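In our numbering, the protein residues as written are 1152 to 1269. We put the beta carbon where it would ideally sit given N, CA and C, even for glycine. What you are looking at is a predicted structure, and each value in this text was computed from that prediction instead of being measured.
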Amino acid sequence: QVQLVESGGGLVQAGGSLRLSCAASGRTDSIYHMAWFRQTPGKEREFVARISWSVYSLNYADSVKGRFTISRDNAKNTVYLQMNSLKPEDTAVYYCAANKGLGTYDYWGQGTQVTVSS
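Okay, structure coming up:
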């Protein structure tokens, strides 16, 4: 099992920045990818960014490319999401997720609220 705990959400004005953190514990040696998703009320959960755990591979949603950066610190078992130039439409609950291989994400954090005011 892998446990994920997010932190770093909050309220920020449009154009501002936030950094989210996701600390993993448990069987972290089984992690293949870690990713960030986000969800707003009434909408499906949306992919934001993904990073592989053992090789340097990054993926981003088109809506955040050039503004968000995902990174990892394997020594701390932590993944970060640096969010710059935030827009009101980035407002959502952000979730950290991990998988053990390609495809379905097996583990999820509890989510952290990000609110961007206009």
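For G1167, the CB contacts under 7 Å within the same chain, skipping 5 residues up- and downstream, are L1237 in chain order. Counted as a single uninterrupted DSSP element, the stretch harbouring T1191 is not any beta strand (DSSP E), since DSSP gives it neither H nor E. Between the alpha carbons of I1182 and Y1245 lies a gap of roughly 19 Å. Look at A1226 here: in three-state DSSP terms it is helix. In the structure shown, the three-state DSSP call for S1203 is strand. Going by DSSP, Y1245 is part of the beta strand (DSSP E) stretching over 1243-1250. One Cα belongs to S1268, the other to G1161, and the distance between them is close to 11 Å. Taking the Cα positions, T1229 is about 13 Å away from R1201.
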